[in-house]
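A.B. asks: Encoded as structure tokens, here's the structure I'll be asking about.
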Amino acid sequence: MLEIDRYKTSLNEVFLEQKKLELQLLVEKEIADANFQLGKIPKEANDVIQEKCNPVFVKLERVKEIEKEVHHDLMSLVYAIAEQCGDYGGYIHLGATSSDIQDTVRGLQLKESKQQIINALEQNIESVKELASKHKDLACIGRTHGIHAVPTTYGMKFGNFLNELILVKETLENAKVDYGKISGAVGTYASYGTQEIEKIVLSKLKLKKQPITSQVITRVIHAKYVQALVLIATVLEHFAKEIRNLQRTEIDEVRESFVEKQVGSSTMAQKRNPEKSERICGIARIIRSYVQPALENIGLEHERDLSNSSAERVIFSQVSILTHYILLQMDQILNSLHFNTEKIQSNLYFRKGAQCAEHLMIKMTDKIGRQKAHDLLKNLAKEENFIETVKQNEIISKYFDDEELDEILDPMNYLGLSKEVVQNLIDSL
Numbered sequence: 088m089l090e091i092d093r094y095k096t097s098l099n100e101v102f103l104e105q106k107k108l109e110l111q112l113l114v115e116k117e118i119a120d121a122n123f124q125l126g127k128i129p130k131e132a133n134d135v136i137q138e139k140c141n142p143v144f145v146k147l148e149r150v151k152e153i154e155k156e157v158h159h160d161l162m163s164l165v166y167a168i169a170e171q172c173g174d175y176g177g178y179i180h181l182g183a184t185s186s187d188i189q190d191t192v193r194g195l196q197l198k199e200s201k202q203q204i205i206n207a208l209e210q211n212i213e214s215v216k217e218l219a220s221k222h223k224d225l226a227c228i229g230r231t232h233g234i235h236a237v238p239t240t241y242g243m244k245f246g247n248f249l250n251e252l253i254l255v256k257e258t259l260e261n262a263k264v265d266y267g268k269i270s271g272a273v274g275t276y277a278s279y280g281t282q283e284i285e286k287i288v289l290s291k292l293k294l295k296k297q298p299i300t301s302q303v304i305t306r307v308i309h310a311k312y313v314q315a316l317v318l319i320a321t322v323l324e325h326f327a328k329e330i331r332n333l334q335r336t337e338i339d340e341v342r343e344s345f346v347e348k349q350v351g352s353s354t355m356a357q358k359r360n361p362e363k364s365e366r367i368c369g370i371a372r373i374i375r376s377y378v379q380p381a382l383e384n385i386g387l388e389h390e391r392d393l394s395n396s397s398a399e400r401v402i403f404s405q406v407s408i409l410t411h412y413i414l415l416q417m418d419q420i421l422n423s424l425h426f427n428t429e430k431i432q433s434n435l436y437f438r439k440g441a442q443c444a445e446h447l448m449i450k451m452t453d454k455i456g457r458q459k460a461h462d463l464l465k466n467l468a469k470e471e472n473f474i475e476t477v478k479q480n481e482i483i484s485k486y487f488d489d490e491e492l493d494e495i496l497d498p499m500n501y502l503g504l505s506k507e508v509v510q511n512l513i514d515s516l
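Per this note's numbering, the very first residue in the sequence shown carries number 88; after that it's consecutive.
As structure tokens, then:
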């Protein structure tokens, strides 16, 4: 078993060799039937082909045996079908080039893959939407450059993640992959003499056609799909990093779930690690690495060369399965996330009023001007107890009494329009 088998999902089935064989047989069968409809092969031949283009008769093992001899995977399939069709085997693959089969099969695979990924993405969106709504009032300290900034809410954290998920979903939806190609050796339809066969086959398979192809469909289509999955993975990594950082011992605001028999470390018994979030970050790196070969596959020589083929046998299955996997992982994390409300509160008030220095600066603008207020508060913020230092300052105490300063420097009074912003986002969906 390969180590990558750790990350299996239902998408593995789409890219299995046996499933690919079934799809190849389906395409060959539909090409034969279209040829029959246009009077290019006799009814008896088509009847036999329709029966025998079936994995019950054409075995994967036999196709592989033939490939060892002929060193051509698609022609191995043609020979294996022909063996089953007897005298009518000569009508198999009539007019077709290998890419007519392979690119059309790829369209079917990626169409199914894309839909399963969208389904998982939509589940993530629903989970994040629920968390954003539930925690839109949960105040916490915001951090920029890793340093305490001004107050925000967990609703804002989840709202920003939600917005990114919506954006990448739109990108994936716009990455159209449901294309097939039945246009012959270099896309001129010379071997078919008509575009009707392509029209008939793609209609049956519920695929679309490009207005023009070479021997293959342009790889711009596939690169856009890979890029969309890379964006999804990177957005998941973005929030997985947030969870990892918030679970740090010193911060300890949220934690991944930790079941009773789970082990954090083989030696440090106290450990409770954000291992699922770390896994997402690691896999996201692998997913991003597939962009380069996907882009390079666009630049094939002349009407095509074979340099894309070997790369694509790895790229499409792995980038799809791994993206699907980390979407499922993130949804598990989100639906079992633990909030340490005591530590959230403690961290929010940790700077003893300094986290609301901006609020006080704004209040002082019409008193002494923004820049003077900024300079003054910057110096006062060096002291450990900011709120007490502020109360004792002669300039500030001229304009605000202690009760007013307590109100201004209370983080709960400086959340701005966070609740409204989050609710507007949720309502827009």
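We put the beta carbon where it would ideally sit given N, CA and C, even for glycine.
1) If the criterion is Cβ atoms closer than 8 Å, does the pair E283 and L125 meet it?
2) Which same chain residues end up closer than 7 Å to F245 when comparing Cβ atoms and leaving out the 5 residues on each side of it in sequence?
3) Suppose the cutoff is 6 Å on Cβ atoms and the five residues either side in sequence are ignored; what does the same chain contact list for H325 look like?
4) Could you have a look at Y312 and say whether DSSP puts it in helix, strand or coil?
5) Where does S505 land, buried or exposed, given buried means 16+ other C-beta within 10 angstroms?
6) Considering only residues of the same chain and omitting the five flanking positions on each side of Y279, which have a CB-CB separation below 8 Å?
7) Out of H309, E362, V303 and K293, state which residue places its alpha-carbon closest to the alpha-carbon of K328.
8) Please look up how many angstroms separate the CB atoms of Q442 and P238, rounded, as I've assumed it's under 8 Å.
9) Take R306 as the anchor and find which of V317, T240, I374 and V378 has the nearest alpha-carbon.
10) Within its chain, find whatever has a CB closer than 6 Å to the CB of K517; leave out the 5 residues flanking it on each side and keep chain order.
11) Anyone know if the C-beta pair for F437 and H235 falls short of 8 Å?
12) The beta strand (DSSP E) spanning H235 covers which residue range?
13) Measuring alpha carbon to alpha carbon, tell me which of F144, V322 and Y266 ends up nearest C172.
14) Please list the terminal residues of the continuous beta strand (DSSP E) segment that includes I228.
15) Taking its Cβ as the centre, do 16 or more other Cβ atoms sit within 10 Å of K95, making it buried, or is it exposed?
16) Which partner residues does Y166 have in the DSSP bridge list?
17) Can you give me the Cβ contacts of L161 inside the same chain, cut-off strictly under 8 Å, excluding the 5 residues immediately before and after it?
18) Comparing C-alpha positions only, which one of D493, F403, Q196 and A398 sits nearest to L447?
19) Within 8 Å (strictly less), CB to CB, does K291 reach chain D?
20) Taking its Cβ as the centre, do 16 or more other Cβ atoms sit within 10 Å of E199, making it buried, or is it exposed?
21) To which residues does DSSP link V341 through a beta bridge?
22) Could you check if M88 is buried or exposed, using at least 16 other CB atoms within 10 Å of its CB as the buried criterion?
23) Below 7 Å CB to CB, which residues in the same chain sit around D339 once its five sequence neighbours on both sides are set aside?
24) Between K564 and L435, what straight-line distance do the alpha-carbon atoms span, to the nearest angstrom?
25) Whole angstroms is fine: what's the gap from Y276's alpha carbon to L103's?
26) Taking 8 Å as the limit between beta carbons, can you name the residues of its chain near E399, skipping five residues before and five after?
27) In this structure, what does DSSP give as the bridge partners for K295?
C.D. replies: In this structure, then:
1) yes
2) Around F245: V215, L218, A219 and H222.
3) none
4) helix
5) buried
6) G182, I269, S270, G271 and E285
7) Per the Cα distances, E362.
8) 6 Å
9) V378
10) Nothing about residue 517 can be reported from this structure: the residues present for the chain run from 88 to 516 only.
11) yes
12) I234 to T240
13) Ranking the options by Cα distance to C172, first place goes to F144.
14) I228: member of the beta strand (DSSP E) spanning A226 to T231, first to last residue.
15) exposed
16) Beta-bridge pairing links Y166 to no other residue.
17) The residues are Q111, S185, I188 and Q189.
18) D493
19) This model lacks chain D altogether, as it is built from one protein chain only.
20) buried
21) F426
22) Since pLDDT at M88 reaches only 49, below the 50 mark, its modelled position is unreliable, and the value read off the structure follows with that caveat. Exposed, since its Cβ has fewer than 16 Cβ neighbours within 10 Å.
23) Cβ neighbours of D339 beyond the five flanking positions: N427 and K430.
24) Because the chain spans 88 through 516 in this model, residue 564 falls outside it and cannot be assessed.
25) 31 Å
26) R193, H309 and N384
27) Y266
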